Amino acid sequence: MKKELKIYNSYSREKEIFKPIHEGRVGMYVCGPTVYSDVHLGNCRSFTSFDVVYRYLVHLGYKVRYVRNITDVGHLEGDADTDAEDKISKKARLEQLEPMEVVQRYMNGFHDMMRIFNILPPSIEPRATGHIQEQIEMVQQILDNGLAYVQNGSVYFDTLKFAKQENVYGKLSGRKIEDLLSETRDDLKNQGEKRHPSDFAIWIKAAPEHLMRWNSPWSAGFPGWHLECSVMSTKYLGKTFDIHGGGSDLKFPHHENEVAQSYGACGCAPANYWMHGNMLLMNGRKMSKSDGNSITPEELFTGNSPHVSKGYSPMVLRFFMMQTHYRSTLDLTDEALQAAEKGYRRLMEANKILQAMQHPGKGSAGNLDKEINGLIDQAFADMNDDFNTPKALASLFELVTKINSLKGGQLSFSETTAETLARLQQTFKDFIFNIFGLLNEDAEASGNGIVDGLMDLILDMRQQARTNKDWGTSDKIRDALKELKIQVKDGKEGATWVKG
RNA sequence: GGUCGGUUGGCCGAGUGGCUAGGCAGAGGUCUGCAAAACCUCGUACGGCGGUUCGAAUCCGCCACCGACCUCCA
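Numbering (my numbering), first residue to last: 11 to 510.
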């Protein structure tokens, strides 16, 4: 069942068999948020995608060190050598807060949202401001290696020199080096401090009014955005580690520059596998904080948005994301969310039925047995094929039909063994809760026992009425419950109920 | 403009050179006191035009449209 895992590597643009550097262990780094405003749903998709990667690696038995940073300094709006301002500094200025107050507020919000979506915390969540010393050291290394230059207290990475030297610049993001080289320095004008337009700041001298600043050999200033990821991944995972993830919009310049920096500092590639999640779309366009085409999770939960007709729960959204491969764009529409809601409920309900099942004992490995085992194997094969959650989910839904048929009597337990049923129960649970990371929201909502007790009473009274062929009373109860969004399901062994 | 990716049935979304994706919605049926739920069956979808092939939605070319990146963004 645990065949080899294949991962699409953005760096080679091919699916590759995953081989960790150290057997049984995985080092994974994912670019976290810049905490200068509330997370939007697009961010959540990205972290959900990598959450599933993390969960699946753990499920496969790997010991994973998962590092996901918090960017709390250095992320600029604009270009470093012109009129750029640090995003967090800017927010602090606008709201008259300490920069660290801004960071704390949005970091708390981010963590809350991760919890709501049942996204597991990383093993290490380092912050850029906690690694200033290491960043200064890396700047120095790059300078020592001759791949950076100092200009008025700021330090810039020399991309042109690096491109000529290593021939890797542009590989990740698919940029043509010739284009870069063809723009010779003599042709360039109005470049400010940079010698070449593609050069980027690794240390930035702080303007007098800038709040966040640290002393360095070059100036009182702050580190460049890309540098933190190179520094923190190196510190916690080593110079070269297994997997580096992030949104596809980070490929350039952020990841490209990370690669450059790692080569610039140690002469080696930072990661063996680069994974890029695709964007969440709304109205056919990328959901983006900066251009306003975004929706917050809260707005979706409450339905307080012109984009949706009603609210959708966090797990419905998580399920919605599972239905699409992480490398495909996902278009958010009300209709698709409604479909996801029903699909989610159907899946959870089937699991409930499955877990309550008991094999009658006698059963042989017939056709059904083969089908069930085949579908389980298929689901794992799907996940092994670059984490294909929609395909795995399809296999699961085929199992849902088997489960319901076993319950409804259309299929017989005699066709399957107790062993297979046990495997199905275990695997189904593993997939839904451990790998996909879904939670059973209904169970949590009704967990206090009072509702369950009341419902037992009500359904018992209704059963009395039905035995007496008192259809009026029976239907009155059913309709009244429906008003309360409780659905009564009549079955051979009495009635059950479900929310919604 | 450059680079890359996409265009799948009513909607969302997988996918492979020939064999069912799946979810939701819709139609018919079974079950039911009637429903609901569940189960069974169904629609012969792959942007357009050419080409390669015994065979292409899947490979190649051209065209159209959409998007992402190229500047901050998961």
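For glycine and all other residues, C-beta sits at the position ideal for the given N, C-alpha and C.
Nothing here was measured: the structure is a model prediction, and the numbers come from that model.
Where do the ends of the beta strand (DSSP E) carrying residue i lie?
i	result
D341	L340 to L342
Q1	The requested residue 1 does not occur in the structure, where the chain is confined to residues 11 to 510.
P233	G231 to P233
V77	K73 to R78
R35	R35 to V40
D301	From DSSP, D301 is part of no beta strand (DSSP E); its letter is neither H nor E.
G313	No beta strand (DSSP E) holds G313; DSSP gives it neither H nor E.
W507	G504 to K509
M292	L290 to M292
Given a threshold of 16 other Cβ atoms within 10 Å of its Cβ, counted over all protein chains shown, does residue i qualify as buried or as exposed?
i	result
K412	buried
R195	Low confidence applies here, because R195 scores a pLDDT of 48, under 50, leaving its location unreliable; read the following figure in that light. Per the 10 Å Cβ criterion, exposed.
N383	buried
N200	Only weak support is given to the placement of N200: the predicted model assigns it a pLDDT of 46, under 50, and the value that follows is read from those uncertain coordinates. N200 should be labelled exposed.
R356	exposed
C54	buried
M297	buried
S424	exposed
A349	exposed
S319	exposed
T477	exposed
Q420	exposed
W481	exposed
S415	exposed
I31	exposed
I460	exposed
N361	buried
I'd like to confirm the pairing. Which residues does DSSP put opposite residue i in its beta bridges?
i	result
Y165	It should be noted that the sequence gives Val, not Tyr, for residue 165. In the DSSP output, where bridge partners are listed per residue, V165 has V160 and W213.
N19	E24
V326	Beta-bridge pairing links V326 to no other residue.
F172	Answer is none; F172 lacks a bridge partner.
F251	A281
Q86	In the sequence under discussion, the amino acid at residue 86 is Leu, which differs from the Gln named in the question. Note: L86 sits in a beta bridge opposite D96.
Going by beta carbon distance, what residues of the same chain come within less than 7 Å of residue i, once the five residues before and after it are set aside?
i	result
S405	L385, Q388, A389 and D392
M123	V49, C54 and P307
K16	K25, E26, I27, F28, N394, D395 and D396
F329	A350, G353, Y354 and L448
D82	V45, I98, V113, R137, A138 and T139
G119	D48 and V49
R78	V40, G42, P132 and E135
K401	D392
Just curious, the alpha helix (DSSP H) that residue i is in, first and last residue?
i	result
Y116	P109 to I126
V461	I460 to T477
L409	T399 to G418
Y273	E266 to C276
N53	L51 to H69
A514	Because residue 514 is not part of the residues shown, which for the chain are 11 to 510, the question remains open.
N394	N377 to N394
R337	Per DSSP, R337 belongs to no alpha helix (DSSP H) and is neither H nor E.
A490	W481 to E493
Quick one: what's got a C-beta closer than 6 Å to residue i's C-beta in the same chain, skipping five residues either side?
i	result
E176	Y273
M289	K296 and T339
Q145	P233, L237 and V241
H499	One point to set straight first is that residue 499 is Lys, not His, in the sequence displayed. If we look at K499 and ignore the five residues flanking it on each side, its Cβ neighbours are T506.
Original post:
With a cut-off of 8 Å, do at least 3 Cβ pairs link the stretch 157-176 to the stretch 222-236?
Top reply: yes
Original post:
Should the stretch 15-24 be called in touch with the stretch 281-292, which here means at least 3 C-beta pairs below 8 Å?
Top reply: yes
**OP:** Decide if the stretch 57-73 is in contact with the stretch 429-445; the criterion is three or more beta carbon pairs, one per stretch, under 8 Å apart.
**Re:** yes
Original post:
For the stretch 465-477 against the stretch 374-383, are there 3 or more C-beta pairs whose distance is under 8 Å?
Top reply: no
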